[in-house]
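What follows is a short report on a single structure.
Protein chains: 2
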Amino acid sequence: MNAVLMRCVAVLAAMLLQASAWAAEPLPSWQDGPSRKAIIAFVESTTRAGSADFVPEPQRIATFDNDGTLWAEQPVYFQMFFLMDRVRATAAQRPQLKDTDPTRSIMAGDIQGALASGEKGLLELMAATHSGMSVDEFHAQVLEWSEHARHPGTQRRFTDMTYQPMRELLDYLRAHGYTTYIVSGGGQEFMRPWAAQTYGIPPQQVIGSYGELAYRLRDGIPTLIKLAEVGLVDDHAGKPVAIQRFIGRRPVFAFGNSDGDLEMLQWTAAGPGPRFVGLVHHTDGKREWAYDRASKIGTLDKALAAAAAGNWVVVDMKSEWKQVYPDR
Amino acid sequence: MNAVLMRCVAVLAAMLLQASAWAAEPLPSWQDGPSRKAIIAFVESTTRAGSADFVPEPQRIATFDNDGTLWAEQPVYFQMFFLMDRVRATAAQRPQLKDTDPTRSIMAGDIQGALASGEKGLLELMAATHSGMSVDEFHAQVLEWSEHARHPGTQRRFTDMTYQPMRELLDYLRAHGYTTYIVSGGGQEFMRPWAAQTYGIPPQQVIGSYGELAYRLRDGIPTLIKLAEVGLVDDHAGKPVAIQRFIGRRPVFAFGNSDGDLEMLQWTAAGPGPRFVGLVHHTDGKREWAYDRASKIGTLDKALAAAAAGNWVVVDMKSEWKQVYPDR
């Protein structure tokens, strides 16, 4: 009984704190523009008892892409910086690769050279550097990197290049009974170690691309070993497939920023009843980056056309976000 | 604000109802034997603030096998009855199979004959009858079956052959902040349609074997189609692999009943800090079935030895359960 009462008090306290935070100003880093208004109108109409658009709490599933939607993705997806870090740390074990691309470019810190050497070599390096260790060991490598590595342009930690307005949106949705998921092309085990602290999203709500795992007794101890074999590429049509596999329910709220998110957004929009579909449009070349159709990273072309046709919400980062990154 | 207050009141009301239910008698269908005592001692010590064994709520992950652990599994896994139902319903579309086994035996209602015809033919029938339709259409078939089909021995609905003591255990764990998962060799999409109502377990916490899915536009409408290709066999070493893939955290509490659960139980037991590992032992030939080492379905041999070596809790169904199935 004590445990129940304590949990109850804790829940109440958290709710009252949250309530006072909203009373102050919901989504404070958003200008009071069309996107903020649309978000608040949707959340209120789907959570107000008696509303025609009311959505019961178990069905309040919200899915977010990560790269370019919750954190930045230029000049390359941030997992590539982790990959380069791992290549440099383990190059001594791969002497035969040191004089060939992409390893040579990576060792020289030449991102564009590494990219120019082609996708195949990079995917092989990805498989090689992300496998062979236990999941726990891999998590430790990611955490160490996320704490110390800096973005070459901003000199910020990569987790400090998450978007403050989107973090507020995650909090706002959760405070209204939504369950928030990441559905990203990035590696699931690459995101899990820092997603809880950074986004408030626990590991079971972090869905991403993943490799196969092997269960083995290592020195008699049960261990899960990461293998090089790809299990799921959680991009394009892989996203609705992963949503069904992991969640088993169609989202009522989804946010992306690129053509890789199109199928997730279509799948969300096609459900019955109220649906919210949003795109982050990177329009701020000064505070962040400005790109869409012509960019190789985060190409936004077909999804932008679909947004216009489907009346999806397109966030103009430059005019709608008061602040891009969190204050440090 | 109104929404917050309403949620708060609802949470409070649910907690008080729950609290009064426990005050009456926790786990009422369990005899006050060693298993019930061990469960209550573990849950209290891991959830009481200040306890040396306290486990923070996000880490309170409990995983349960389904066949033989949450519901019965004799004379064959219940999904086999669904398979037979589907074969009979669709035999007209497969005239070339009607005169060969296992279809011939299934059409004649001869389970043992179907089983005797070999695993390969049954797996092919499983793939054939569980694919080609949308996930929604498959769910409708499962729901229709679960509402109308009857077990040939007990004449009960299959969902009425879930174990009342285990359903109480799921409730008891959740009331103490545990998140309950199914981790079953059975089909994920076969369990999801009825698991929420029967066990209180929502689709995102139902992990099982699954086939691949294809995202397609069918008459212009985004649709997820079930394919015959196997994605994961969630049995033996597949269970800890699935736990990492879906949950990303090691359980602190796990329950199974057969050697197919051994790796999940080992993986759970090997974690640091307090861990509860339990086995349902089918010892009640009168109210249910009595079987272990020699049974082809739900073989319990190596896991029973591991339980003895590891001091796991082994539930003697005959002496420890006052009631097996729910009252109807």
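Residue numbers (the working numbering), protein chains in the order written: chain A, 1235 to 1562; chain B, 1235 to 1562.
Just so you know, even glycine gets a beta-carbon here, dropped at the ideal spot from N, CA and C.
These numbers were taken from a predicted model, which means no experiment stands behind them.
- Annotation for D1468(B): V1417, S1418, G1419, I1441, G1442, S1443 and A1476 place their beta carbon closer than 7 Å to its own, counting only its chain and skipping 5 residues before and after.
- Contacts with chain B at 8 Å (Cβ-Cβ) include L1447(A).
- Excluding sequence positions up to five before and after R1521(A), its CB lies within less than 6 Å of the CB of V1558, all in the same chain and listed in chain order.
- Separation of the CB atoms of G1505(A) and R1484(A) is rounded to 5 Å, and the pair is thereby assigned contact status at 8 Å.
- Look at W1501(A): its C-beta is under 8 Å from a C-beta on chain B.
- Within 10 angstroms of the beta-carbon of T1324(B) lie fewer than 16 other beta-carbons, which makes it exposed.
- Of the residues A1409(B), W1379(B) and G1434(B), the one whose Cα lies closest to the Cα of R1282(B) is A1409(B).
- Secondary-structure assignment with DSSP links Y1415(A) through a beta bridge to T1297(A).
- Here the alpha carbon of A1471(B) sits roughly 45 Å from the alpha carbon of D1561(A).
- Per DSSP, R1521(A) has no beta-bridge partner at all.
- Per DSSP, the continuous beta strand (DSSP E) segment holding H1515(B) begins and ends at F1510 to H1515.
- Relative to R1384(B), the option among E1278(B), K1271(B) and M1314(B) whose CA is nearest is M1314(B).
- In the DSSP assignment, T1457(B) falls within the unbroken beta strand (DSSP E) covering I1455 to L1466.
- A straight-line Cα-Cα distance of about 46 Å links V1289(B) and D1344(A).
- Exposed is the label assigned to H1382(B), since fewer than 16 other Cβ atoms lie within 10 Å of its Cβ.
- Interface annotation, F1480(A): in contact with chain B, CB-CB separation under 8 Å.
- Around the C-beta of Q1500(A), 16 or more other C-beta atoms lie within 10 Å, and the residue is accordingly described as buried.
- When the Cα atoms are used, A1272(B) and P1292(A) turn out to be separated by approximately 32 Å.
- At a beta-carbon threshold of 8 Å, the residues of chain B lying near A1471(A) are A1448 and Y1449, ordered along the chain.
- In the pairwise beta carbon analysis, the region 1526-1544 of chain B is classified as not touching the region 1325-1344 of chain B: fewer than three pairs are separated by under 8 Å.
- Where D1319(B) is concerned, there is no enclosing beta strand (DSSP E), although the alpha helix (DSSP H) around it starts and stops at F1312 to T1324.
- Within 10 angstroms of the beta-carbon of Q1431(B) lie fewer than 16 other beta-carbons, which makes it exposed.
- Residue pairing for R1452(B): DSSP places it in a beta bridge opposite I1455(B).
- Contact annotation: the region 1477-1497 of chain B does not touch the region 1447-1462 of chain B, with fewer than three C-beta pairs closer than 8 Å.
- At least one CB of chain B lies nearer than 8 Å to the CB of V1440(A).
- DSSP places Y1444(A) in the strand class (E or B) of the three-state scheme.
- Considering only G1507(A), I1531(A) and A1342(A), the residue with the shortest C-alpha distance to H1516(A) is I1531(A).
- Counting along the chain, A1488(A) sits inside the beta strand (DSSP E) bounded by residues F1487 to G1490.
- S1339(A) carries a helical assignment under DSSP once its states are collapsed to helix, strand and coil.
- Judged by their CB atoms, F1487(B) and A1275(B) are not nearer to each other than the 8 Å cut-off.
- Of all residues in the region 1385-1416 of chain B, those with a C-beta nearer than 7 Å to a C-beta of chain A are H1410 and G1411, reading in chain order.
- By the C-beta density criterion, D1301(A) is buried, having at least 16 other C-beta atoms within 10 angstroms.
- For the C-beta of V1369(A), the chain B residues within less than 7 Å are, from N- to C-terminus, Q1478.
- In the structure shown, S1553(A) falls within a helical segment according to DSSP collapsed to helix, strand and coil.
- Apart from the 5 residues on each side of it in sequence, S1492(B) sits with its Cβ closer than 7 Å to the Cβ of G1302, G1532, T1533, L1534 and A1537 in its chain, given in chain order.
- Within the model, the alpha-carbon separation for Y1397(A) versus L1349(B) is close to 57 Å.
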